[in-house]
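Novice:
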Amino acid sequence: TSALRMLAATTLAVPLLAACYADTGEIAQPAVDTAAEAQAIMALEREWSQKFGEGDIDYIMSIHSANAVQMPPESELVVGAEALRAEWQGMIDAEGLSASWEPTEAHVSSSGDMAYDFGTATLTTPDGNTRAMKYLVVWVREDGEWKVAADMFNANAPPPGM
């Protein structure tokens, strides 16, 4: 009899508990390894700097979102793929202009769909002046890949003679 009561309680409890944890049809998403994703962002920045030095406009455009925004110093906003291509190609083609940058830190959202990084850069202008710079880039995940959504950079000090 006590065994029957136990059996009856178990028989009722199992379906009740199962209903509480019913499958919603959603697939559980794995946790985002934000540290690994931050390292991936920093690797992308380093490759971007290298590809700029090599003049690889196709690579540069491949890591930008179609509606990315660039905020260069002392200049208007550069918005969208066509304008960005023209801006980057102009920098690549400028005789005597060189730039390189190195990320300092990257941070990734817990959802893994947005990140930002910042770092330092060196810009040498056609007149031979070298300037210390800094940058901030916002990244978004599109179709599983990190893409630049916004890019801002400026000098640490005014240009010589100002």
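Start counting the sequence shown at 194; every next residue gets the next number (the working numbering).
For each residue, glycine too, the CB sits at the ideal point set by N, CA and C.
#1: Between A229, G354 and W294, which has its C-alpha nearest D320's C-alpha?
#2: Do W294 and G305 have their C-beta atoms closer together than 9 angstroms?
#3: Any idea if Q263 is buried or exposed, counting beta-carbon neighbours within 10 angstroms, 16 or more meaning buried?
#4: Less than 8 angstroms between C-beta atoms, sequence neighbours within five positions excluded: which residues of the same chain meet that for A287?
#5: If you measure between the beta carbons of A342 and A261, is that distance less than 9 angstroms?
#6: How big is the Cα-Cα spacing for W339 and I234?
#7: Given this structure, state the Cα-to-Cα distance separating A228 from S255, to the nearest angstrom.
#8: Roughly how many angstroms separate the alpha carbons of G289 and L316, rounded to a whole number?
Specialist: Here's the rundown:
#1: G354
#2: no
#3: buried
#4: P319
#5: yes
#6: 8 angstroms
#7: 24 angstroms
#8: 10 angstroms
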